[in-house]
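Chains as they are written, first to last, in our numbering: chain R, 1 to 433; chain U, 1001 to 1433.
In this text, a Cβ means the ideal position worked out from N, Cα and C, and glycines have one as well.
Number of protein chains: 2
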Amino acid sequence: MFQSPPIPPMAQRAALLEAGEGRESPAWPGEAEAFPVEAVSRAMRRVLARRAREALQYGPAEGLEGLREWVCAHLAGQGLRLRPSQVLISSGSRHALDLLGRVLLDPASPLLVQRPTRLGALRAFRPYAARLVGLRCDEQGPAPEALADALPGARMAYLQTRFADPTGLAVPEARARELADLLAGSRCWLVEDQTYGELWLDTPPAPGLLARGVEHGVLVGSFSPLVFPGLRLGWVAGHPSLIARLAQARRAAELQPGSLSQWVLLEMLREGFVERHLPALRERCRERRDAVLEALRRHMPEGVAWTRPQGGAHLWLRLPDGVDAAELLAPAGREGLPLLPGRAFDAGAGGCASFGECSQCRFAEDPQGAAPTRHALRLSFAALAPRAAEPCAARLAQLLRGQAPAAWRPREPATVRDAPRLSLVRPHPMRPA
Amino acid sequence: MFQSPPIPPMAQRAALLEAGEGRESPAWPGEAEAFPVEAVSRAMRRVLARRAREALQYGPAEGLEGLREWVCAHLAGQGLRLRPSQVLISSGSRHALDLLGRVLLDPASPLLVQRPTRLGALRAFRPYAARLVGLRCDEQGPAPEALADALPGARMAYLQTRFADPTGLAVPEARARELADLLAGSRCWLVEDQTYGELWLDTPPAPGLLARGVEHGVLVGSFSPLVFPGLRLGWVAGHPSLIARLAQARRAAELQPGSLSQWVLLEMLREGFVERHLPALRERCRERRDAVLEALRRHMPEGVAWTRPQGGAHLWLRLPDGVDAAELLAPAGREGLPLLPGRAFDAGAGGCASFGECSQCRFAEDPQGAAPTRHALRLSFAALAPRAAEPCAARLAQLLRGQAPAAWRPREPATVRDAPRLSLVRPHPMRPA
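Here you go:
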């Protein structure tokens, strides 16, 4: 019978794109019931009453001046002194990463990332075919000696300081100083991602790296966690030459962000929405984090360890040595639990992404070199209503009991009062006999 | 004294980005007074009353299903039978072109474009470093023999059929059939731009090329002229494999278009806004076109020729042979007249972009080979209120009188009742003595 002719060639980079079926980031910590519908309605009414022409017309490629001023004032809280011309309003933080890839990355440019790092960043940078260099991390962030080794010749260092996705951890003061000094002495662009920066859960984190005298860098942030996720607006701020290039790239690719959305956002910001809204949002996230930590403590067998998130929406959980998270989660994926296998967050560039030595791990011998995160997973605590934390942890424990060797078989949950409640992942406390 | 250290390297493609100071496209034909503020307000109220959760939450990378259904129904008017899965909602038509460049163009891929072509398309494709191949055009669109010569080995043919920017002309029935047959027999992707497709001014144009059996292609459109420009939503529709790749590229680069904007648009579409709105919009554009044509007829000296736009927002005007439009317009640019020099619309790949032979043109000898459009300019009639057409044409005539050789010196405007009123640009009717 007849066959369709083969389709014509596409760009080589098309083969680097991923199907990306799964929703990678339930970044908004809360149910849709908590969305600020009233505040949006009020802002929209005001905008259309007072600013209708501007809101329906074209605007600047860099975004509204008022939003850029707001970002400057916001970042002043970290000690950054920026002018509005040093800010570009992006179509979400993910879009800022794409623009940065476009302007900074050639094929095979060395791109330094934490291990593990944000899945969305790996996806955004992937089409630019940079050479990913994974930085060994501990609970305080990238290890300074790993950064120092990798910096010579590197094009971009993509670092999450407040807070890392997937771990939920921030870089503390002393470490931030060390890393900033290394970067300031290098010829590498710093891209500092603070998408979840305002979602601290206990105390405000230390200022990031850009605020410590790193000249050649930018800071990336998002309005999604501050307002609502369907808005798709974020920012990138920092070195004027780089911001100017990013504006050119944005103009070439999509002219500008939507005007109406920007004016509604600006009205909400001016009306003080974020200041009123953030405490409740943080409280909701804190409640969810605590419920998940408690549920994990009750249900996880020995040999499982997890981070205690200081902010953001996610935690990182290490399974017993040798357990493949993707295999383990295959059934859970169908149940809609907010869990993703660890290797999705891995630059796959050798080394260990599990905060420690993995020499005993069966994946360490993987010829692909991309394996150490296989026995880890991300749990998005912010996506779990408090009442859902317990069933989620119980289901995860059930899956582990089904897969783990006998040596890891958990005691009954009710008796695990002394199970490890880690503030960060420990080197493997158990290994297969 | 101290000097700043040089900034670190950026990507090679950063050097391909343009400062792009000027607003290139006053695409929305009308003053801000004519914006549909009431309709937007009503749609917003309904969306927030009925669909608030969806409107503030994340949505699909491909855009709202309802919008994709609307595009299918809309394109059925050209005889296209598409499923919603064959449509991607882009962040404006410019953004669709960027995604297409990303997925289809490797460095030096042969990319066929009309001469002249849309400035925004040249800017969108430029960072992908394709090899631009300019197609000779006449008043009916690309010359079939030029397309036939260029098709072997070409990666993408970017063609504007309804209506071309900058000329305002559509490809008529017989030519469209010829071009479609050539493309259907090729291994080249067709990207058919119909951004202004609904803004016909006299009669609806013939269906485009994709509707004539070209399998490997997509059609690009925009909601900006249908609703309002600050919305930044458009579409790309056609071959399923290409649409799937575009969705992957969009997901990597910015996840999705803004939800709130999409829901407001969908509400306006469902409420019948476009059907109610388009006749008045066309009438306003027609009035403006006619005022500009009349003013040109009154003021332009012999040796100047222009297109009679059948749709869209622009016309193409050829100056006397040897007059450099950029030099001529330097003072006009400061006066805010909606005029841009012709070479901005030129792929710069040799050949003639002035609808005819340019052997007599002093730019034909330009060693850059990019010159023939130097003696042409784009006039955006839709951006001129009818009362502004006369002063604009008078000012242009004044500039010409200041620059043109004596042989082209115009008769007095009041007496030029028999000046050439061309429906398309003629081969140079005059040349310097």
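Segment limits, beta strand (DSSP E) that includes residue i
| i | result |
| --- | --- |
| A157 of chain R | 156-160 |
| L1135 of chain U | 1131-1135 |
| W316 of chain R | 315-318 |
Min CB distance residue i to chain U below 9 angstroms
| i | result |
| --- | --- |
| I7 of chain R | yes |
| Q368 of chain R | Note that Q368 of chain R has pLDDT 37, beneath the 50 cutoff, so the model's placement of it is unreliable and the number below is only indicative. Judged by the 9 angstroms Cβ criterion, Q368 of chain R is not in contact with chain U. |
| Q12 of chain R | yes |
| M44 of chain R | yes |
| G230 of chain R | yes |
| P257 of chain R | yes |
| R81 of chain R | no |
| F35 of chain R | yes |
| V264 of chain R | yes |
Neighbour flag for residue i against chain R, beta carbons, 9 angstroms
| i | result |
| --- | --- |
| P1205 of chain U | no |
| V1236 of chain U | no |
| W1189 of chain U | yes |
| P1338 of chain U | no |
| E1054 of chain U | yes |
| L1017 of chain U | yes |
| A1249 of chain U | yes |
| H1239 of chain U | yes |
| R1128 of chain U | Looking at the sequence provided, one finds Tyr at residue 1128 of chain U rather than Arg. So yes, Y1128 of chain U belongs to the interface. |
| A1310 of chain U | Sequence inspection shows Gln at residue 1310 of chain U; the Ala mentioned does not correspond to that position. No, its Cβ sits nowhere closer than 9 angstroms to a Cβ of chain R. |
| E1294 of chain U | no |
Helix, strand or coil at residue i [DSSP, three-state]
| i | result |
| --- | --- |
| I89 of chain R | strand |
| A1305 of chain U | strand |
| P1116 of chain U | coil |
| D202 of chain R | coil |
| D321 of chain R | coil |
| G101 of chain R | helix |
| G1333 of chain U | helix |
| R362 of chain R | Its pLDDT being 41, under 50, R362 of chain R is placed unreliably by the model, and the measurement read from it follows with that caveat. Three-state DSSP puts R362 of chain R in a helix. |
Residue i - partner residues in DSSP beta bridges
| i | result |
| --- | --- |
| P1341 of chain U | U:L1377 |
| W70 of chain R | For W70 of chain R, which the question treats as bridged, DSSP gives no partner whatsoever. |
| S1222 of chain U | U:G1234 |
| P1110 of chain U | U:R1131 |
| G1217 of chain U | U:L1190 |
| G1141 of chain U | U:D1138 |
Beta-carbon spacing of residue i, residue j below 9 angstroms
| i | j | result |
| --- | --- | --- |
| A96 of chain R | G234 of chain R | yes |
| L1337 of chain U | R1378 of chain U | no |
| V220 of chain R | A157 of chain R | no |
| L67 of chain R | V47 of chain R | no |
| R1155 of chain U | C1188 of chain U | yes |
| L1151 of chain U | L1182 of chain U | yes |
| R1387 of chain U | P1301 of chain U | no |
| A73 of chain R | R1126 of chain U | no |
| F1345 of chain U | D1165 of chain U | yes |
| T373 of chain R | A325 of chain R | yes |
| R1115 of chain U | L1135 of chain U | yes |
| A43 of chain R | V264 of chain R | yes |
| F1228 of chain U | L56 of chain R | yes |
| T167 of chain R | P309 of chain R | yes |
| V37 of chain R | A1052 of chain U | yes |
| A295 of chain R | E390 of chain R | yes |
| A1347 of chain U | L1190 of chain U | no |
| H277 of chain R | A393 of chain R | no |
| T307 of chain R | L399 of chain R | no |
| L1293 of chain U | F1381 of chain U | yes |
For residue i, the first and last residue of its enclosing alpha helix (DSSP H)
| i | result |
| --- | --- |
| V292 of chain R | 273-299 |
| P391 of chain R | 386-403 |
| D1165 of chain U | Unbroken run through D1165 of chain U: none, as it is neither H nor E. |
| I1243 of chain U | 1240-1254 |
| L48 of chain R | 37-50 |
| D181 of chain R | 173-184 |
| V227 of chain R | It is not in any alpha helix (DSSP H) - V227 of chain R carries neither H nor E in the DSSP assignment. |
| R212 of chain R | Premise fails: R212 of chain R is in no alpha helix (DSSP H) and is neither H nor E. |
| M1010 of chain U | Element bounds for M1010 of chain U: n/a, residue is neither H nor E. |
| L1265 of chain U | 1259-1270 |
Residue i Cβ short of 8 angstroms to the ligand ADP heavy atom set
| i | result |
| --- | --- |
| P1144 of chain U | Looking at this structure, you won't find the ligand ADP or any other ligand, since it has none at all. |
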